[in-house]
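Beneath this line is the structure, given in structure tokens, with notes to follow.
Numbering (this note's numbering), first residue to last: 14 to 580.
Put into structure tokens, the structure is as follows:
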């Protein structure tokens with residue numbers, strides 16, 4: 014045993030930080046081989062919206078002139094782009110650095126689990142977890158090469174989860190350590206993530222609430238009143254962030270809201286339209302053609318918009334699904350907003366808000382009176398109503414998404430499509446973001462040119478992703494089995510907080526990973542129909558790595574542990 018103990022890997026404090034720095038440099042070096050991707054004129058709702066808003070922030074004009082897109086999405090990402098521009102930091106490398114920071118924070122967050130190890134051995138485990146997260150294939154996948162908010166969203170989520178986990182574990186195992194730094198980290202991730210994507214609240218807040226309640230019980234039992242009061246820090250930071258953005262939007266546009274799309278009168282109008290019953294049984298349709306015809310008759314204010322939706326060739330080309338010969342749910346709300354723009358409804362925010370509220374009120378009144386056939390109650394939402402009909406398809410797609418994550422599918426470190434835009438367009442994007450784009454083409458082809466060095470690096474990265482996927486799949490299965498075995502053991506005897514809290518933490522991490530898969534699955538089967546997407550599932554990958562690493566460390570040797578206990 015003594016010889017075996019001597020052979021265990023150890024790291025001094027200086028050695029830890031040296032290897033950590035080398036790993037960060039290697040991770041950033043890999044990203045330096047990558048090139049960003051854009052399609053100027055082809056992504057007005059996504060990449061171009063973010064880029065335009067960032068330029069306006071740089072010019073001191075907040076999000077720019079008001080139109081149907083200005084407040085349609087959460088807008089933290091343009092702030093990030095403007096910050097990088099001001100600091101002259103390259104877009105892709107800065108995103109990779111942000112990810113490395115989140116990975117390092119997460120590694121330290123879980124370090125109390127190996128507190129009984131010698132410090133030199135504990136550093137090895139911390140470094141191993143950091144490396145596993147820093148070199149996660151999903152963190153360099155092609156979606157990160159777009160100039161879009163999902164470039165940083167997984168990192169922001171990881172900051173949040175790391176902060177909450179670090180706080181919970183220290184509340185149990187390190188009673189003399191302050192909790193507020195971890196709560197502040199969680200608050201930063203929560204606030205920035207919430208302001209980066211509209212669906213972040215559904216993903217992050219349930220975990221935050223559960224963690225707060227569990228830790229509060231522990232702190233009350235230990236009479237740590239100051240630490241208990243500090244639990245409000247993440248929510249206070251979220252409130253400050255939301256209040257700041259709402260105030261800026263009110264100052265510039267007269268709308269005290271984060272978005273005039275997912276909340277407020279437009280969401281009320283969309284919810285009202287989706288109330289109207291339909292004879293159509295086609296998938297993905299929220300307001301089918303027959304329902305729209307009924308609505309046009311009941312609400313005269315919508316008749317000018319009807320021309321654009323039903324007769325304009327360009328609108329149909331941009332948003333209508335030729336296979337369904339109608340607008341999918343994920344396209345209809347953009348189409349009707351653009352149609353309203355053409356009719357001058359988005360001349361200013363107040364005019365738009367009043368218009369959509371009138372539409373919502375008239376449709377709801379007609380549904381309540383029976384003038385319009387109704388299939389649901391009153392709703393304020395842009396998403397499809399959840400019905401039993403979606404359950405089988407959602408469960409199947411949840412499983413598909415989970416397998417997609419386990420295998421690191423669609424994680425190629427390059428974009429197979431070439432950036433589209435004039436030379437001036439590409440120069441403007443490249444100059445603002447301080448990074449290159451894959452606009453050069455292979456001779457005689459319309460595919461992006463990558464140098465032999467780039468292709469060699471990409472091949473190594475893809476090979477790593479394949480190996481990682483196999484290992485992660487096996488380890489997730491083992492971690493689930495071992496954790497369930499631990500549960501059975503705990504049910505047979507009384508367990509202390511030191512045992513229960515880590516178990517609940519890992520259960521919560523795995524549960525939230527599945528929740529994210531289910532959320533995206535529902536949107537896919539009800540509205541999008543675009544196929545399983547790594548971009549939307551990317552926050553799940555690091556959660557599974559944390560679950561596997563901590564789960565196998567804690568519960569990975571249940572048989573040998575039992576023998577030791579019985580000895």
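Don't be surprised by glycine CBs; every beta carbon is placed ideally from N, CA and C.
Among the residues of its own chain, which have a CB less than 6 Å from the CB of residue 452, if the five just before and after it don't count?
In the chain shown, counting from the first residue as 1, residue 452 sits at position 439. Once the five neighbours on either side are set aside, the close Cβ partners of residue 452 are 432 and 439.
Put residue 52 into one of helix, strand or coil per three-state DSSP.
For the purposes of this step, residue 52 is taken as the residue at position 39 of the chain shown. If DSSP states are grouped into helix, strand and coil, residue 52 belongs with the strands.
Kindly indicate which residue of 373, 86 and 192 has the alpha-carbon position closest to the one of residue 390.
By 1-based counting over the chain shown, the position of residue 390 is 377. The shortest Cα separation from residue 390 among 373, 86 and 192 belongs to 373.
The alpha helix (DSSP H) spanning residue 101 covers which residue range?
Along the chain shown, one-based indexing puts residue 101 at 88. For residue 101, no alpha helix (DSSP H) run applies, since DSSP gives it neither H nor E.
Please say whether residue 286 and residue 304 have beta carbons closer to each other than 9 Å?
Walking along the chain shown from the start, residue 304 turns up at place 291. Walking along the chain shown from the start, residue 286 turns up at place 273. The beta carbons of residue 304 and residue 286 sit closer together than 9 Å.
Got a sec? Which residues, its chain only, sit under 6 Å from residue 120 by beta carbon, not counting five neighbours each side?
Residue mapping note: residue 120 aligns to position 107 of the chain shown, counting from 1. If we look at residue 120 and ignore the five residues flanking it on each side, its Cβ neighbours are 139, 142 and 143.
What did DSSP end up calling residue 398 once you bin it into helix, strand or coil?
Within the chain shown, numbered from 1, the residue matching residue 398 stands at position 385. Coil, per DSSP.
Would you check if the stretch 126-138 and the stretch 146-162 touch, i.e. whether three or more CB-CB distances between them fall below 8 Å?
The stretch 146-162 vs the stretch 126-138: no contact.
Kindly identify the DSSP beta-bridge partner or partners of residue 159.
Taking the first residue of the chain shown as 1, we reach residue 159 at position 146. Paired residues: 50.
Would residue 355 count as contacting chain D if we go by Cβ distances under 9 Å?
The structure shown contains no chain D; it is built from a single protein chain.
Relative to the C-alpha of residue 51, which residue among 43, 62 and 42 is closest?
Locating residue 51 in the chain shown gives position 38, where the first residue counts as 1. Looking at the Cα atoms, 62 is the closest of the given residues.
Leaving out five residues before and five after residue 272 in sequence, what residues of the same chain have Cβ atoms less than 6 Å from its Cβ?
Counting from 1 along the chain shown, the entry for residue 272 is found at position 259. Hits under 6 Å: 84.
Could you tell me which residues DSSP puts in a beta bridge with residue 333?
Translated into positions along the chain shown, residue 333 becomes position 320. According to DSSP, residue 333 bridges with 340.
How is residue 386 classed by DSSP in three states: helix, strand or coil?
Stepping through the chain shown from its first residue, residue 386 is reached at position 373. Note: residue 386 maps to coil in three-state DSSP.
Taking Cβ to Cβ, would you say residue 21 is nearer than 9 Å to residue 427?
To locate residue 21, count along the chain shown from 1; it is residue 8. To locate residue 427, count along the chain shown from 1; it is residue 414. Cβ atoms of residue 21 and residue 427: not closer than 9 Å.
Closer than 8 Å by C-beta to residue 367: which residues in its own chain qualify, once you throw out the five before and the five after it? Chain order, please.
In the chain shown, the residue the question calls residue 367 occupies position 354. Same-chain partners within the cutoff: 278.
Just checking, does the stretch 55-72 make contact with the stretch 26-38 on the three C-beta pairs under 8 Å criterion?
Flag = no, the stretch 55-72 and the stretch 26-38 do not touch.
CA-to-CA distance, residue 256 to residue 265, given in whole angstroms
Within the chain shown, numbered from 1, the residue matching residue 265 stands at position 252. Within the chain shown, numbered from 1, the residue matching residue 256 stands at position 243. Spanning the two alpha carbons is a distance of roughly 14 Å.
Assuming residue 534 and residue 407 make a contact with CB atoms under 8 Å, what is their CB distance in whole Å?
Mapped onto the chain shown, residue 534 falls at position 521. Mapped onto the chain shown, residue 407 falls at position 394. Confirmed, Cβ separation roughly 5 Å.
Determine the DSSP secondary structure at residue 72, reduced to helix, strand or coil.
Position 59 of the chain shown, counting from 1, holds the residue named residue 72. Residue state, collapsed to three classes: coil.
Would residue 363 be called buried (16 or more neighbouring beta carbons within 10 Å of its own) or exposed?
Along the chain shown, one-based indexing puts residue 363 at 350. By the beta-carbon neighbour count (other beta carbons within 10 angstroms, threshold 16), residue 363 is exposed.
How would you call residue 113, buried or exposed, if buried means at least 16 neighbouring beta carbons within 10 angstroms?
Numbered from 1 along the chain shown, position 100 holds the residue referred to as residue 113. Here residue 113 is buried: its Cβ has 16 or more other Cβ atoms, across all protein chains shown, within 10 Å.
Helix, strand or coil for residue 433 per DSSP?
By 1-based counting over the chain shown, the position of residue 433 is 420. Strand, per DSSP.
How close, in whole Å, do the beta carbons of residue 311 and residue 379 come, if the pair is a contact with beta carbons under 8 Å?
Reading the chain shown from its first residue, position 298 is the one you call residue 311. Reading the chain shown from its first residue, position 366 is the one you call residue 379. Taking the Cβ atoms as the reference, residue 311 lies roughly 5 Å from residue 379, within the contact range of under 8 Å.
Inspect the CB distances between the stretch 546-565 and the stretch 236-249 and report whether three or more fall short of 8 Å.
No: fewer than three Cβ pairs fall under 8 Å.
Hey, which unbroken runs of the alpha helix (DSSP H) at 4 residues or more fall wholly within the stretch 407-477?
List check, alpha helix (DSSP H) in window: 436-446.
With distances taken between CB atoms, is the gap from residue 123 to residue 72 smaller than 9 Å?
Your numbering for residue 123 matches position 110 in the chain shown. Your numbering for residue 72 matches position 59 in the chain shown. It is not a contact, given that the beta carbons lie outside the stated cut-off.
If I follow the unbroken alpha helix (DSSP H) through residue 38, where does it start and stop?
Along the chain shown, read from residue 1 onward, the residue named residue 38 stands at position 25. Note, residue 38: alpha helix (DSSP H), 26-45.
DSSP on residue 480, reduced to helix/strand/coil?
One-based indexing of the chain shown puts residue 480 at position 467. Note: residue 480 maps to helix in three-state DSSP.
Between which residues of its own chain and residue 293 is the CB-CB distance below 7 Å, once the five residues before and five after are set aside?
Here residue 293 refers to the residue found at position 280 when the chain shown is read from its first residue. Counting only Cβ-Cβ distances below 7 Å, and skipping sequence neighbours, we find 301 and 303.
How big is the Cα-Cα spacing for residue 582 and residue 211?
Within the shown structure, residues of the chain are numbered from 14 to 580, placing residue 582 beyond reach of any answer.
Residue from 340, 247 and 528 with nearest C-alpha to residue 412
Within the chain shown, numbered from 1, the residue matching residue 412 stands at position 399. When only C-alpha atoms are compared, the closest one is 528.
State the Cα-Cα distance for the pair residue 109 and residue 53, rounded to the nearest angstrom.
Your numbering for residue 109 matches position 96 in the chain shown. Your numbering for residue 53 matches position 40 in the chain shown. Those two C-alpha atoms are separated by around 24 Å.
Spatially closest choice to residue 234 from 118, 355, 185 and 346, by CA coordinates
As a first step, residue 234 is located in the chain shown; it is residue number 221 there, counting from the start. Nearest C-alpha to residue 234 among 118, 355, 185 and 346: 185.
Between which two residues does the alpha helix (DSSP H) harbouring residue 190 extend?
Within the chain shown, numbered from 1, the residue matching residue 190 stands at position 177. First-last for residue 190: undefined, no H or E at that position.
Euclidean distance between Cα positions of residue 220 and residue 250
Reading the chain shown from its first residue, position 207 is the one you call residue 220. Reading the chain shown from its first residue, position 237 is the one you call residue 250. Here the alpha carbons of residue 250 and residue 220 stand approximately 16 Å from one another.
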